[in-house]
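Quick notes on the structure that follows.
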Amino acid sequence: MIEVILREAASDDIPALHALVESAYRGEASRAGWTTEADLLDGQRTDPEELAEIIADPAQALLTAWRGEALVGCVQIADHGHGIGYFGMLSVSPTVQAGGLGRRLVAAAEAELASRFGAARVRLTAFPQRETLRAWYERLGYRDTGRTLPFDYGNPRLGLPLCEGLHFIVMEKEIA
Ligand SMILES: CC(C)(COP(=O)(O)OP(=O)(O)OC[C@H]1O[C@@H](n2cnc3c(N)ncnc32)[C@H](O)[C@@H]1OP(=O)(O)O)[C@@H](O)C(=O)NCCC(=O)NCCS
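What follows is the structure in structure tokens.
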């Protein structure tokens with residue numbers, strides 16, 4: 002397990018957050034990790050404006066993991082109401098993946114969703130094509146709800162699709 006300090010993101014962290022998320026999710030840099038969206042989507046995963054909106058929203062937050070001065074991981078948390086918490090934008094620097102940080106960030110997200118928003122159930126969404134990622138979430142206790150959500154092909158802020166039929170599966174875990 003790599004040693005990190007976890008803390009909530011502030012607006013000064015946005016440039017580092019943007020670089021981290023893009024490097025983990027998309028493009029050639031992401032292929033150094035064990036799982037990536039690079040075969041499904043090109044273009045951006047996020048942008049500084051979205052990150053600023055999340056940080057400014059009292060119903061959301063970004064938890065960050067630091068190794069010294071280097072940002073090596075992050076996860077977005079959000080209150081979806083009715084005791085449901087959501088996490089997304091889960092990112093670990095491709096150079097330090099498979100060292101246990103992803104699992105630690107998921108645990109931190111679950112704990113924060115429970116303490117901050119009173120979440121009893123945690124939700125995430127994932128592309129079904131990413132079978133090794135889905136298997137990992139299952140090992141973390143998440144189950145496929147059978148529900149799906151559409152991918153918005155008309156919004157380039159979400160990325161530039163490289164295939165047809167993209168959609169998300171919804172996975173959930175009881176934490177109470
Ligand atoms: C998903 C992600 C956050 C995981 O971070 P991480 O630090 O690698 O996670 P961990 O080290 O805690 O766990 C890695 C798991 O993958 C497994 N793994 C490692 N290499 C693997 C491989 N080549 N194939 C399949 N599984 C593999 C490990 O055994 C481990 O499983 P375990 O926890 O059951 O032992 C990271 O890969 C990432 O940032 N990916 C790109 C962004 C992304 O896809 N985010 C999720 C979108 S829904």
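Under this note's numbering, read the sequence shown as residues 2 to 177, first letter to last.
We treat Cβ as the ideally placed atom computed from N, Cα and C, and that holds for glycine.
* Inter-residue spacing [alpha-carbon to alpha-carbon] between I6 and A17 -> As a first step, residue 6 is located in the sequence shown; it is residue number 5 there, counting from the start. As a first step, residue 17 is located in the sequence shown; it is residue number 16 there, counting from the start. Approximately 15 Å, taken between the alpha carbons.
* Just how far apart, CA to CA, sit H83 and W137? -> Locating residue 83 in the sequence shown gives position 82, where the first residue counts as 1. Locating residue 137 in the sequence shown gives position 136, where the first residue counts as 1. The straight-line gap from Cα to Cα measures roughly 26 Å.
* Residue ranges of each beta strand (DSSP E) within the segment 88-140, 3 or longer -> 122-127
* Asked: Does the Cβ of S12 have 16 or more other Cβ atoms within 10 Å, making it buried, or fewer, making it exposed?
  -> Taking the sequence shown and counting its residues from 1, the one referred to as residue 12 is at position 11. Exposed: under 16 other Cβ atoms inside 10 Å.
* **Stretch pair the segment 21-31 + the segment 110-124: three plus CB contacts closer than 8 Å** => no
* Go through its chain and collect everything with a Cβ distance to E175's Cβ below 6 Å, but skip five positions before and after it. => Mapped onto the sequence shown, residue 175 falls at position 174. The residues are R122.
* **For H83, three-class secondary structure by DSSP** => Position 82 of the sequence shown holds residue 83. Coil.
* Asked: Would you say the beta carbon of R140 comes nearer than 7 Å to a heavy atom of ligand 2?
  -> Ligand 2 is not part of this structure, which contains only ligand 1.
* Which residues bound the alpha helix (DSSP H) around L52? -> Translated into positions along the sequence shown, residue 52 becomes position 51. Element bounds for L52: 49-57.
* Rank L64, R140, G166 by C-alpha distance to the C-alpha of T149 and give the top, closest one. => Numbered from its first residue, the sequence shown carries residue 149 at position 148. Checked all of L64, R140, G166; the closest Cα to T149 is G166.
* Does the beta-carbon of T36 have 16 or more other beta-carbons within 10 angstroms, so that it is buried, or is it exposed? -> Position 35 of the sequence shown, counted from the start, is the residue given in the question as residue 36. So T36 counts as buried.
* Residues in its own chain within less than 7 Å of A33 by CB, not counting five upstream and five downstream? -> The residue given as residue 33 occupies position 32 in the sequence shown. If we look at A33 and ignore the five residues flanking it on each side, its Cβ neighbours are P95, T96.
* **Heavy atom of ligand 1 within 7 Å of R104 beta-carbon** => Within the sequence shown, the letter at position 103 stands for residue 104. At least one heavy atom of ligand 1 is nearer than 7 Å to the Cβ of R104, so yes.
* Under 8 Å between C-beta atoms of L64 and A109 -> Along the sequence shown, read from residue 1 onward, the residue named residue 64 stands at position 63. Along the sequence shown, read from residue 1 onward, the residue named residue 109 stands at position 108. Cβ distance < 8 Å, so L64 and A109 count as in contact.
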